[in-house]
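There are 2 protein chains.
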Amino acid sequence: MTFTIMAEPLEVLACDSFTAAGAPDDIAAAVAHSLVLTNLLGHDSHGVLRVKQYISMIRRGMIQPAERPRIRKRFGATAMVTLGYGFGQIGARFAAELATEMAREHGIAAVSLGQTTHVGRLGEWTGMIAAQGLIAIGFAGGGFSHGFVAPYGGRERLFSTNPMSFAVPCGDEGTLLLDFATSGVAHGKVMLAQSIGAPVPQGMMLDKAGRPTTEAADLDAGGVLLPMGLHKGSGLSLMMELIPNLLAGDRPMSAPEFHFGNPALFMALLPEAFDEATDFAIQVEALKARVKAVKPAAGFDEVLVPGEPEARSYAERVNEGIPLPDQVWADLCALAEELGVCVPIAPPPQTPP
Amino acid sequence: MTFTIMAEPLEVLACDSFTAAGAPDDIAAAVAHSLVLTNLLGHDSHGVLRVKQYISMIRRGMIQPAERPRIRKRFGATAMVTLGYGFGQIGARFAAELATEMAREHGIAAVSLGQTTHVGRLGEWTGMIAAQGLIAIGFAGGGFSHGFVAPYGGRERLFSTNPMSFAVPCGDEGTLLLDFATSGVAHGKVMLAQSIGAPVPQGMMLDKAGRPTTEAADLDAGGVLLPMGLHKGSGLSLMMELIPNLLAGDRPMSAPEFHFGNPALFMALLPEAFDEATDFAIQVEALKARVKAVKPAAGFDEVLVPGEPEARSYAERVNEGIPLPDQVWADLCALAEELGVCVPIAPPPQTPP
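Top to bottom, those sequences are chains A and B.
Position 194 (the first sequence) corresponds to 194 in this note's numbering; numbering is contiguous.
Heads up, this note's numbering is the position in the second sequence plus 1000, with the first residue counted as 1.
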């Protein structure tokens, strides 16, 4: 069962909860905005579900809610930003903005982000860069998906779900945004399948004995997630385990010396640096149209481009509200009560099951 | 049936053939070296098999064998190199060397390569950067795999096999190198399966009607290759279609205005720019050891890291010779005769079938 809530009051509730838990007003508002935006885009695993987790982390001293990012080192077209374990969203926004600014000067720039907690949806930050007319590449490694992923050919957990994201300007004002975990399927989707008794698609998991399985419960029983795309995705996962973490001054998540968190690297490239007369965004839009014109394969109604499912979810949810599982809503209300925060909305309308 | 030939005489034969076809000595030697190295590493589809193709392209005016790369534009930490449709290997080496040099100065650099023919094995160039202690990322799009790849959900050909490569320094002198086509399987492997009547693995192809197939002959009959890793690899393929081509001053391969060739982009990152005290290569080696220690899944004997199959092939072939299909050897000999080049070796020993 779900309750449907409009974005605005949900954002107020999340913001007030973070403020009550010790975050400065501007930080609380920015994190709440990022979480609700992610719900609007349909990625509920990275949405307000996280309010409870983040506040629990504040209480345990794992998130320092008032910390702000600072540049630890600059060299040429690179910078290393450190966050002191503040909210990852605040650090990621800062790093992405810095990469954009530096790429305008140098044609390309890379900014690493260390001592960071969960950066949220990686695509929010690459998308921000692309919205400024630049090409964005984002990598993140780290400890928020608990290393459930086995390398290709293996049956033991080693890698995190280590996401990567690409975003490019598209048309007059849009972006084309790719954002994915290098595991075949996200941990949250396996949990969801388990809760409703559905199978996990083939090729995504092994059981404890290292045999292919579609039974979601096999993951908790000692199974593993597989990388996307066999050995190719396994190699990408390995690179995501190394590059952002080491350039952010940390260790790979799988190393015993790994500190904690979600190190990230943002690269920005200015198309005009290479070719002054480039019509990059127009060419992206034209390619998007060619992809959309491809006849669908058996079992598909249409060909989607990256970002299209998110845009559809956004259009629907911004008008009709965000459906939250009962438990997520109950957790938010219980937390508000604990923190002395007013739930600023009437009990939401109940949607039919 | 195959003939087995040692690397050195094979390289002399390829070099002499290119020289006779109009390439300056140094260019002929470099291209021959790259092709034979690729055979040694086990990627025969990118090896001396290409001598016949390249010489045919010289004769048709598609490769300008004496052309050399030049920097068309520099801006900050970026450069755009143009090759005038010389041998792609010559341009890619130049672009990778320039990216290395510029990244030492700026911490990161990106160099695009346009008006280029086939750059060969993308990993040769990213590996060169990593061998200098830098992180390398290489993208290539283009027209040498004829756009056999459908976007995810589609049944029509649109993308090329658009490869990407990552390479990082590993240990004292080594590299860890990832290099893959964003299609699930290379076109050459489907051709090989067809020639020996073997099935193509599941999930790699659709037939003309857009239905999954494992029948290699379905590709020639109007089928398509699928991207690696479902929608994720399809998104990567789309980005590889855009980023290198547009930054190199060309169009996506799928655009009607695409000129011809194999545009590429090389990025290099200097780990010390981010963290002076970094032990990047040592951490890579430690992660490699953790991957190797993972217990194998059902059906696997061991877990391989990227580059390991290539290193094994190299160790074997450098000592025991390169097994070439009869037809490839016959083509090389026929070409040598046409060009008046001496075949500098006795008829090779025949290996048992």
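Virtual Cβ for every residue (Gly too), placed ideally from N, Cα, C.
Contacting residues, own chain, Cβ-Cβ under 6 Å from residue i (five flanking each side not counted)
i: A/M57; result: I63
i: A/T38; result: H46, G47 and R121
i: A/H259; result: D250
i: A/A23; result: P65
i: B/P1188; result: Position check: residue 1188 of chain B holds Gly in this sequence, whereas Pro was assumed. Result list for B/G1188: S1045, in chain order.
i: B/A1142; result: First, the amino acid is wrong: residue 1142 of chain B is Gly here, not Ala. Taken in chain order, the residues that qualify are S1160, M1253, G1261, N1262 and P1263.
i: B/G1088; result: T1116, T1117, H1118, V1119 and N1262
i: B/T1078; result: A1110
i: A/F148; result: R157, H187 and L225
i: B/L1236; result: T1182
i: B/P1199; result: T1214
i: B/P1325; result: T1002
i: B/S1112; result: M1080, L1247, A1248 and L1265
Interface partners of residue i on chain B, CB under 7 Å
i: A/V284; result: L1242
i: A/S17; result: The contacting residues do not exist; A/S17 stays about 34 Å from chain B at best.
i: A/I135; result: I1243
Listed by chain order, chain A residues near residue i by CB distance under 9 Å
i: B/L1113; result: Result: empty, since nearest Cβ-Cβ is about 11 Å, beyond 9 Å.
i: B/F1300; result: Y152, G153, G154, R155 and G210
i: B/V1048; result: Those within 9 Å of B/V1048 in chain A number zero; the least Cβ separation is about 25 Å.
i: B/R1121; result: By Cβ distance, chain A contributes nothing, its closest Cβ being about 15 Å from B/R1121, past 9 Å.
Within chain B, the residues that residue i reaches when beta carbons sit closer than 8 Å
i: A/P169; result: Going along chain B, no residue has its Cβ under 8 Å from A/P169, so there is no contact; the nearest lies around 11 Å.
i: A/P296; result: G1153, G1154, R1155 and G1210
Residue i versus residue j: straight-line alpha-carbon distance, rounded
i: A/V284; j: B/R1050; result: 32 Å
i: A/G197; j: A/D218; result: 12 Å
i: A/A20; j: A/L335; result: 10 Å
i: B/V1224; j: B/V1119; result: 24 Å
i: B/A1150; j: A/L332; result: 44 Å
i: B/T1242; j: A/R104; result: Note on residue identity: the sequence assigns Leu, not Thr, to residue 1242 of chain B. Cα to Cα, the separation comes out at about 20 Å.
i: A/P256; j: B/P1244; result: 38 Å
i: A/I5; j: A/I322; result: 5 Å
i: A/V282; j: A/A140; result: It is Ile, not Val, that sits at residue 282 of chain A in the sequence shown. Whole-angstrom Cα-Cα distance: 29 Å.
i: A/G61; j: A/G86; result: 10 Å
i: B/R1072; j: B/E1310; result: 35 Å
i: B/R1074; j: A/T182; result: 34 Å
i: A/E101; j: B/G1076; result: 13 Å
i: B/S1234; j: B/L1247; result: 20 Å
i: A/A131; j: B/L1230; result: 26 Å
i: B/F1300; j: B/E1308; result: 15 Å
i: B/Q1202; j: B/M1228; result: 12 Å
i: B/L1098; j: B/I1108; result: 11 Å
i: B/V1341; j: B/R1317; result: 25 Å
i: A/A216; j: A/E124; result: 29 Å
i: A/M128; j: B/A1007; result: 50 Å
Proximal residues to residue i (C-beta, below 8 Å), its chain only, five neighbours per side dropped
i: B/P1353; result: Residue placement at B/P1353 is flagged as unreliable, the pLDDT there being 48, under the threshold of 50; a coordinate-derived value is accordingly withheld.
i: B/F1180; result: P1163, M1164, S1165 and M1228
Cβ shell of residue i (< 7 Å), same chain only, five flanking positions each side left out
i: B/V1291; result: V1303 and V1305
i: A/P344; result: P9, V12 and L13
i: B/K1368; result: This structure cannot speak to residue 1368 of chain B, because chain B is shown only from 1001 to 1353.
i: A/R155; result: L206, G210 and V224
i: A/Q115; result: T82, L83, G84, Y85 and G261
i: B/M1204; result: G1184, V1185, L1225 and L1226
i: B/V1294; result: V1303
Closer than 9 Å at the beta carbon, the chain B residues around residue i
i: A/T278; result: L1246, L1247 and G1249
i: A/P69; result: Ordered by position in chain B, no residue passes the 9 Å Cβ test against A/P69, which lies about 15 Å from the chain.
i: A/M228; result: M1228, G1229, L1230, K1232 and G1233
i: A/V149; result: Those do not exist, as A/V149 stays about 11 Å from chain B at its closest Cβ, beyond 9 Å.
Amino acids of chain A, ordered along the chain, whose beta-carbon sits closer than 8 Å to that of residue i
i: B/E1105; result: G76
i: B/D1218; result: Within 8 Å Cβ-Cβ: nothing; B/D1218 doesn't reach chain A, min ~13 Å.
i: B/R1093; result: Correct list: empty, because the minimum Cβ distance to chain A is about 19 Å.
i: B/M1204; result: Residues of chain A passing the Cβ test: none, with the nearest at roughly 10 Å.
i: B/D1172; result: Chain A residues near B/D1172: none, gap ~17 Å exceeds 8 Å.
Check: residue i C-beta below 6 Å from any heavy atom of the ligand HEM
i: A/L177; result: The ligand HEM is not part of this structure, which contains no ligands at all.
(request) Determine contact between the segment 26-38 of chain A and the segment 6-15 of chain A, defined as no fewer than three beta-carbon pairs at a distance below 8 Å. (result) yes
(message) Check whether the segment 263-271 of chain A and the segment 120-137 of chain A are in contact - that is, three or more C-beta pairs closer than 8 Å.
(response) Judged by Cβ distances under 8 Å, the segment 263-271 of chain A makes contact with the segment 120-137 of chain A, as three or more pairs qualify.
(request) Return the chain-ordered ranges of every alpha helix (DSSP H) run that is complete within the segment 1165-1224 of chain B and spans a minimum of 4 residues. (result) Qualifying alpha helix (DSSP H) stretches, in chain order: 1187-1196 and 1217-1220.
(message) As an exercise, report each continuous alpha helix (DSSP H) stretch of at least 4 residues that is fully enclosed by the segment 1243-1289 of chain B, in chain order.
(response) 1271-1274
(message) Three Cβ pairs or more, each shorter than 8 Å: is that satisfied between the segment 163-174 of chain A and the segment 202-210 of chain A?
(response) no
(request) Let me know the alpha helix (DSSP H) ranges lying completely inside the segment 1045-1075 of chain B, each 4 residues or longer, listed in chain order. (result) 1049-1059
(request) Any chance you could list the alpha helix (DSSP H) runs of at least 4 consecutive residues sitting entirely within the segment 70-110 of chain A, in chain order? (result) You should have 88-106.
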